[in-house]
Each structure stands twice: as structure tokens, then as C-alpha cells.
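In what follows, a single structure is set out as C-alpha cells and then discussed.
Protein chains: 2
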Amino acid sequence: MSEYSSILLENAVEALSKLPGIGKKTALRLALHLLNEDALETEQIADALLKMKHNIMLCERCHNISDTKVCAICGNPRRDENTLCVVADMRDVLAIEHTAAYNGLYHVLGGVISPIEGIGPNDLQIEDLVQRTYREDLKEIILALPATIEGDTTNFYIYKKLHDFKGKVSVIAKGIAVGDTLEYVDEITLGRSIQNRVRFND
Amino acid sequence: MSEYSSILLENAVEALSKLPGIGKKTALRLALHLLNEDALETEQIADALLKMKHNIMLCERCHNISDTKVCAICGNPRRDENTLCVVADMRDVLAIEHTAAYNGLYHVLGGVISPIEGIGPNDLQIEDLVQRTYREDLKEIILALPATIEGDTTNFYIYKKLHDFKGKVSVIAKGIAVGDTLEYVDEITLGRSIQNRVRFND
Chain V
442 MSEYSSILLE NAVEALSKLP GIGKKTALRL ALHLLNEDAL ETEQIADALL KMKHNIMLCE
502 RCHNISDTKV CAICGNPRRD ENTLCVVADM RDVLAIEHTA AYNGLYHVLG GVISPIEGIG
562 PNDLQIEDLV QRTYREDLKE IILALPATIE GDTTNFYIYK KLHDFKGKVS VIAKGIAVGD
622 TLEYVDEITL GRSIQNRVRF ND
Chain G
442 MSEYSSILLE NAVEALSKLP GIGKKTALRL ALHLLNEDAL ETEQIADALL KMKHNIMLCE
502 RCHNISDTKV CAICGNPRRD ENTLCVVADM RDVLAIEHTA AYNGLYHVLG GVISPIEGIG
562 PNDLQIEDLV QRTYREDLKE IILALPATIE GDTTNFYIYK KLHDFKGKVS VIAKGIAVGD
622 TLEYVDEITL GRSIQNRVRF ND
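Protein chains in written order, with our numbering: chain V, 442 to 643; chain G, 442 to 643.
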């Protein structure tokens with residue numbers, strides 16, 4: 442006999458608990474919620490997930506998630522076509538878009554070089570980044586990868602690969618977070634924020 | 442433009458974030474996880490949820506969730522047909538089944554009487570419980586409702602309704618939890634556990 446007196450419920454709990462961060466108890470709570478609600482809610486979730494999974498594609502220019510061959514950012518004529526921000530993941534695009542501090546284009550690598558996870562340069566969109574420097578009229582490439590060893594390695598690898606690029610290659614600033622008090626900042630970050638100090642400017 | 446550069450992704454995040462305890466950030470994490478995994482995983486989730494929602498029914502005898510007209514517990518000939526445990530919710534059936542301390546049948550009320558939430562006796566399977574005492578050969582009815590004011594009210598209401606019932610009506614014991622030290626137990630629980638003391642028995 443099924444633990445839940447229903448194989449149908451058990452299958453739903455089983456399927457939901459494969460999602461990251463969702464254990465058996467949470468999955469059961471979600472399934473029972475859906476059982477109590479109108480069937481429309483379950484149908485909307487199932488439909489939205491299937492449509493997303495079957496129809497979403499990667500932008501052929503920047504490799505960001507997109508509903509169309511070229512994504513809404515790449516296709517927006519008001520974006521600055523001379524500046525390119527290289528990120529690891531589409532979540533990073535979201536994070537940068539939320540700052541409203543950037544109006545250029547993106548290039549999504551799909552990860553960072555990580556020998557431990559078996560991710561090499563050829564698993565990432567690095568060669569295509571190099572090709573973009575030939576195809577497009579880029580003046581600056583901003584490397585906005587995670588501040589980890591893997592991110593630094595990838596920054597270095599990309600920098601070497603861009604030896605023919607005539608424009609500027611920059612890296613996002615590392616330093617203390619806005620609102621931080623100095624005593625609680627780790628030494629490496631504080632050291633970097635002193636090395637990378639900028640002229641005071643009101 | 443969609444916040445996520447994809448309306449399809451946005452719809453999936455929107456649908457998932459209607460689930461209890463799932464906010465926008467978690468929903469996005471789940472959606473991106475599904476995008477990275479094989480389509481089979483998304484299809485399994487969608488399929489399991491739809492099958493559950495469309496095909497699950499309530500057992501016509503005990504009102505527990507079931508795949509068949511009579512649930513696996515009610516249909517099991519090895520369960521004690523003379524003992525009935527009244528619970529508020531199918532989750533309580535699961536909790537009691539996990540204790541392996543009970544081998545009788547259940548009666549799922551579907552909630553407890555709660556004027557604040559607008560739940561009256563007629564919204565619950567109380568009349569059907571009374572009918573079961575006529576139809577079935579019950580020797581004991583165990584009230585296992587939550588130890589709240591609503592649970593106590595419902596216990597009292599059911600007890601009054603069972604005036605014709607010749608068998609025993611009992612209530613699950615309230616007292617200190619196994620493993621508790623007395624100094625941290627609340628006074629009402631500790632008081633109850635003294636009033637309801639049982640003969641020492643090794």
C-alpha cells in the first residue's frame with residue numbers, strides 16, 4: 442500500500458520532491474494545496490511548465506533565455522551596441538538588469554571554467570564571444586563573472602583569448618558592499634577595495 | 442519587456458509562485474532548474490499533478506484521499522473494524538499511520554468547527570460519522586483532533602451528537618512530549634499531564 446493511501450498523490454509528491462530545495466514534506470504540502478484548490482490552478486502550472494520547457498530557446502546572439510530567435514535585449518534598438526557584458530548565467534543578466542545601471546548588450550557564457558565540475562572552455566560560449574568581437578562593433582567588454590577562483594580563471598582565460606580585440610576589457614569592481622561597516626568586511630575584500638580606490642567625486 | 446527576457450519563463454514563475462511558501466525567487470530557481478534538466482522531468486511533474494488533480498477521489502467510507510471508491514485502509518481486511526479514529530485532515534491519517542501504533546479505521550472530518558473561518562458542523566463529515574455508528578459495528582471511537590480551542594469545541598460537539606452510541610468514546614492523551622524536560626513544558630500541558638496521569642506500568 443502507498444504511504445499516502447493514494448498512488449496518484451504519491452506520484453505527485455515524488456515528482457515535486459525532485460525539485461531542488463523541495464523535500465517530501467514540502468512536496469506533500471504543495472500537492473495537498475493543489476488538491477484543495479480549483480483544478481484550474483493545477484492546469485495552469487502544468488501548462489506553464491510544459492510550454493516553457495518545450496518552447497523556450499537561447500538567443501542566438503547572446504545565449505540568454507529567449508522566446509524568440511533573438512532576445513528582447515539584443516533586439517532593442519535603444520541598447521548600447523558598443524558595450525558587451527559577459528556573465529556566467531541568465532540569472533546574472535536579471536541581477537544586472539535590476540540595477541538599471543547598464544544599458545549595453547550581454548553575452549551569457551553558460552557557466553565558468555571549473556575542472557572539478559568538468560566544465561572546460563569548450564563547454565562555454567567563449568569561442569563565440571571571440572567571434573562577436575570580429576562580427577560586431579564593440580568598444581568595451583565588461584567581464585562580470587563571479588568573484589570566485591573559477592570566475593577569476595575564466596576572466597583570465599577570456600582576457601588571453603581576446604588578444605586581438607582592440608577595445609577596452611574591464612572587470613566589475615570588487616570592494617565593500619554599500620552599507621557595510623569596515624570592521625565586519627573580510628580582509629581580502631577590504632584589501633581589494635583599498636587597492637581599487639577611486640577618486641572622490643561628489 | 443518581460444522581467445525575465447522570456448514571457449514563457451515569466452508565466453512559469455508566476456504559476457509556481459502561487460504555491461504556498463514559494464516566492465518569486467524560489468519559483469525562478471525551480472523554473473531554471475527545469476530548463477536545465479531533461480524535458481522528461483518537467484513532463485513527469487506536469488503529468489503527475491494533472492493525473493492527481495483529475496483522478497483522485499475521497500473514500501466514500503472514511504473520506505480519506507483515495508484512488509478508488511473505497512480507500513486502501515478501509516478495504517484492508519486486517520484492520521480492526523471495531524475501532525474508529527476521528528481526525529480533522531488526511532495529513533493526520535498519515536501522521537498516525539507513521540506511528541504504527543494504530544490498526545483501526547479512520548473517519549476524516551475535513552477540518553474542525555471554526556466560526557472565525559466560517560466552518561460549521563455541516564461543512565464537516567460529522568453527520569456521516571453519526572450514521573457510521575448505526576451502519577457499522579463500532580466498539581470505540583477515538584477523537585484525535587488538534588489540541589486547540591477549535592479541536593476541543595469539535596470534540597465536544599461530536600461527543601454530544603454521539604449520545605446514542607453505546608460504545609466507548611475516547612480522546613487522545615495530552616501531556617508532555619517524549620523527551621521533554623519538565624522545566625520547559627508550558628503550564629497548561631504540564632497540568633494536563635498530571636491530571637491525566639496513568640498507572641505506572643513496566
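Yeah, the Cβ is synthetic: ideal placement off N, Cα and C, and Gly gets one too.
Using a Cβ cut-off of 7 Å, pull out every chain G residue sitting near Q645 (chain V), in sequence order please.
Residue 645 (chain V) lies beyond the stretch modelled for chain V, which goes from 442 to 643, so this question has no answer here.
Go ahead and pull the three-state DSSP assignment for N523 (chain V).
Residue mapping note: residue 523 (chain V) aligns to position 82 of the first sequence, counting from 1. Strand, per DSSP.
Can you tell me whether DSSP reads S446 (chain V) as helix, strand or coil?
Here residue 446 (chain V) corresponds to residue number 5 of the first sequence, with the count starting at 1. DSSP places S446 (chain V) in coil when its eight states are reduced to three.
Which two residues bound the contiguous alpha helix (DSSP H) that contains G632 (chain G)?
The count along the second sequence starts at 1 and reaches residue 632 (chain G) at position 191. It spans 628–636 - the alpha helix (DSSP H) in which G632 (chain G) sits, taken as one unbroken run.
Taking DSSP as the reference, what is the three-state secondary structure of K609 (chain G)?
As a first step, residue 609 (chain G) must be located in the second sequence, where it is residue number 168. Judged by DSSP in its simplified three-state form, K609 (chain G) adopts strand.
Give me, in chain order, the residues of the same chain whose beta-carbon lies closer than 6 Å to that of L471 (chain G); leave out the 5 immediate sequence neighbours on both sides.
As a working mapping, residue 471 (chain G) is identified with position 30 in the second sequence. Excluding sequence neighbours, L471 (chain G) sits near L457.
Use the C-beta contact count for N596 (chain G): other C-beta atoms within 10 angstroms, 16 or more gives buried, fewer gives exposed.
For the purposes of this step, residue 596 (chain G) is taken as the residue at position 155 of the second sequence. By the neighbour-count criterion, in which a residue is buried when 16 or more other Cβ atoms sit within 10 angstroms of its Cβ, N596 (chain G) is buried.
Quick check on M493 (chain V): buried or exposed, where buried means 16 or more other Cβ atoms within 10 Å of its Cβ?
Counted from its first residue, the first sequence places residue 493 (chain V) at position 52. Buried is the label assigned to M493 (chain V), since at least 16 other Cβ atoms lie within 10 Å of its Cβ.
Among V:G559, V:H548, V:R520, V:S555, which residue has its Cα nearest to the Cα of A541 (chain V)?
Here residue 541 (chain V) refers to the residue found at position 100 of the first sequence. Closest option to A541 (chain V), Cα to Cα, is V:R520.
Measuring alpha carbon to alpha carbon, tell me which residue in V:G608, V:T574, V:R638 is nearest A614 (chain V).
As a first step, residue 614 (chain V) is located in the first sequence; it is residue number 173 there, counting from the start. With distances taken between CA atoms, A614 (chain V) lies nearest to V:R638 out of V:G608, V:T574, V:R638.
List, in order along the chain, the chain G residues whose C-beta lies closer than 8 Å to that of P400 (chain V)?
In the structure as shown, chain V starts at 442 and stops at 643, and residue 400 (chain V) therefore has no counterpart that could be examined.
Whole angstroms is fine: what's the gap from M442 (chain V)'s alpha carbon to S507 (chain G)'s?
Here residue 442 (chain V) refers to the residue found at position 1 of the first sequence. Here residue 507 (chain G) refers to the residue found at position 66 of the second sequence. With a pLDDT of only 48 at M442 (chain V), under the threshold of 50, the placement of this residue in the model should not be trusted, and no figure is reported.
Quick check: the Cα distance between A588 (chain V) and I629 (chain V), rounded to an integer number of angstroms?
Along the first sequence, read from residue 1 onward, the residue named residue 588 (chain V) stands at position 147. Along the first sequence, read from residue 1 onward, the residue named residue 629 (chain V) stands at position 188. If I take the Cα positions, the gap works out to 11 Å.
Going by beta carbon distance, what residues of the same chain come within less than 6 Å of I583 (chain G), once the five residues before and after it are set aside?
Here residue 583 (chain G) corresponds to residue number 142 of the second sequence, with the count starting at 1. Answer for I583 (chain G): C526, S611, listed in chain order.
Determine, for M498 (chain G), whether the minimum Cβ-Cβ distance to residues of chain A falls below 7 Å.
Absent here is chain A; the protein component of the structure consists of chains V and G.
Using a Cβ-Cβ cut-off of 7 Å, state whether M442 (chain V) counts as contacting chain G.
In the first sequence, the residue the question calls residue 442 (chain V) occupies position 1. In this prediction, M442 (chain V) scores a pLDDT of 48, lower than 50, which makes its location untrustworthy; the coordinate-derived value is nonetheless stated afterwards. Judged by the 7 Å Cβ criterion, M442 (chain V) is in contact with chain G.
Residues that D508 (chain V) contacts on chain G, provided the C-beta gap is smaller than 9 Å
Numbered from 1 along the first sequence, position 67 holds the residue referred to as residue 508 (chain V). Contact annotation for D508 (chain V) against chain G: S443, S446, S447, I448, L449, L450 [CB-CB distance below 9 Å, chain order].
Along the chain, where does the beta strand (DSSP E) that runs through H548 (chain G) open and close?
The residue given as residue 548 (chain G) occupies position 107 in the second sequence. For H548 (chain G), the enclosing beta strand (DSSP E) has its first and last residue at 545–549.
Segment limits, alpha helix (DSSP H) that includes R599 (chain V)
Taking the first sequence and counting its residues from 1, the one referred to as residue 599 (chain V) is at position 158. The sequence given here has Ile at residue 599 (chain V), not Arg. Counting along the chain, the alpha helix (DSSP H) containing I599 (chain V) begins and ends at 590–602.
Drop a sphere of 10 angstroms on the beta-carbon of Y575 (chain V), count the other beta-carbons inside from all chains shown, and report buried for 16 or more, exposed for fewer.
By one-based count along the first sequence, residue 575 (chain V) stands at place 134. Flag for Y575 (chain V) reads exposed.
Report the rounded CA-to-CA distance for A387 (chain G) versus I463 (chain V), giving the unit in angstroms.
Since the displayed chain G opens at 442 and closes at 643, residue 387 (chain G) lies outside it and no answer follows.
Distance between D479 (chain G) and E455 (chain G) (C-alpha atoms, nearest Å):
The residue given as residue 455 (chain G) occupies position 14 in the second sequence. The residue given as residue 479 (chain G) occupies position 38 in the second sequence. One C-alpha to the other measures close to 22 Å.
Quick one: measure Cβ to Cβ for K580 (chain V) and N523 (chain V), integer angstroms, because I've assumed they're closer than 8 Å.
Locating residue 580 (chain V) in the first sequence gives position 139, counting from the first residue. Locating residue 523 (chain V) in the first sequence gives position 82, counting from the first residue. That belief holds up - the Cβ atoms of K580 (chain V) and N523 (chain V) are roughly 4 Å apart, short of 8 Å.
Interface positions of the stretch 501–526 of chain V facing chain G (Cβ-Cβ less than 7 Å), listed along the chain:
Within the stretch 501–526 of chain V, the residues whose Cβ lies closer than 7 Å to some Cβ of chain G are N505, I506, S507, D508, C512, A513, I514, listed in chain order.
How many whole angstroms separate the CB atoms of L550 (chain G) and Q572 (chain G), which I take to be in contact at a CB cut-off of 8 Å?
Taking the second sequence and counting its residues from 1, the one referred to as residue 550 (chain G) is at position 109. Taking the second sequence and counting its residues from 1, the one referred to as residue 572 (chain G) is at position 131. Not quite, the Cβ-Cβ distance comes to about 14 Å (not below 8 Å), so this is no contact.
Considering only their Cβ atoms, is the gap separating A513 (chain G) from S555 (chain V) smaller than 7 Å?
Walking along the first sequence from the start, residue 555 (chain V) turns up at place 114. Walking along the second sequence from the start, residue 513 (chain G) turns up at place 72. Cβ atoms of S555 (chain V) and A513 (chain G): not closer than 7 Å.
Report yes if the C-beta distance between V553 (chain V) and E591 (chain V) is below 7 Å; otherwise report no.
Position 112 of the first sequence, counted from the start, is the residue given in the question as residue 553 (chain V). Position 150 of the first sequence, counted from the start, is the residue given in the question as residue 591 (chain V). Yes, the Cβ-Cβ distance between V553 (chain V) and E591 (chain V) is below 7 Å.
Which of the three DSSP states, helix, strand or coil, is assigned to E538 (chain V)?
Start at 1 with the first residue of the first sequence, and residue 538 (chain V) comes out as number 97. In the structure shown, E538 (chain V) sits in a helix (DSSP, three-state: H, G or I).
Express the C-alpha separation of E482 (chain G) and A489 (chain G) in angstroms, rounding to a whole number.
Residue 489 (chain G) sits at position 48 when you count from the first residue of the second sequence. Residue 482 (chain G) sits at position 41 when you count from the first residue of the second sequence. When rounded, the distance between both Cα atoms is 11 Å.
Under 8 Å Cβ to Cβ from D601 (chain V), same chain only, skipping five residues before and after it: list those, please.
Numbered from 1 along the first sequence, position 160 holds the residue referred to as residue 601 (chain V). In the sequence as displayed, the identity of residue 601 (chain V) is Lys instead of Asp. Excluding residues within five positions, none has a Cβ falling inside 8 Å.
A618 (chain G) to E624 (chain G), Cα distance in whole Å?
Within the second sequence, numbered from 1, the residue matching residue 618 (chain G) stands at position 177. Within the second sequence, numbered from 1, the residue matching residue 624 (chain G) stands at position 183. Distance between the alpha carbons of A618 (chain G) and E624 (chain G) is about 12 Å.
Take the Cβ of A453 (chain G) as the centre, count every other Cβ of all protein chains shown within 10 Å, and call the residue buried at 16 or more, exposed below.
Along the second sequence, read from residue 1 onward, the residue named residue 453 (chain G) stands at position 12. By the Cβ-count criterion, A453 (chain G) is buried, with 16 or more other Cβ atoms from all chains shown falling within 10 Å of its own Cβ.
Checking 7 Å against the spacing of the C-beta atoms, do C503 (chain G) and H548 (chain G) come in under that value?
Start at 1 with the first residue of the second sequence, and residue 503 (chain G) comes out as number 62. Start at 1 with the first residue of the second sequence, and residue 548 (chain G) comes out as number 107. With contacts defined by Cβ atoms closer than 7 Å, C503 (chain G) and H548 (chain G) form a contacting pair.
Please go through the same chain and pick out, in chain order, the residues whose beta-carbon is closer than 8 Å to the beta-carbon of Y598 (chain G), but skip the five residues on each side of it.
Along the second sequence, read from residue 1 onward, the residue named residue 598 (chain G) stands at position 157. Scanning its chain for C-beta atoms nearer than 8 Å, with the 5 sequence neighbours on each side dropped, one finds around Y598 (chain G) the residues I554, P562, I567, in chain order.
With H, G and I counted as helix, E and B as strand and the rest as coil, what does DSSP make of V528 (chain G)?
For the purposes of this step, residue 528 (chain G) is taken as residue 87 along the second sequence, with counting starting at 1. Reduced to three states, the DSSP call for V528 (chain G) is strand.
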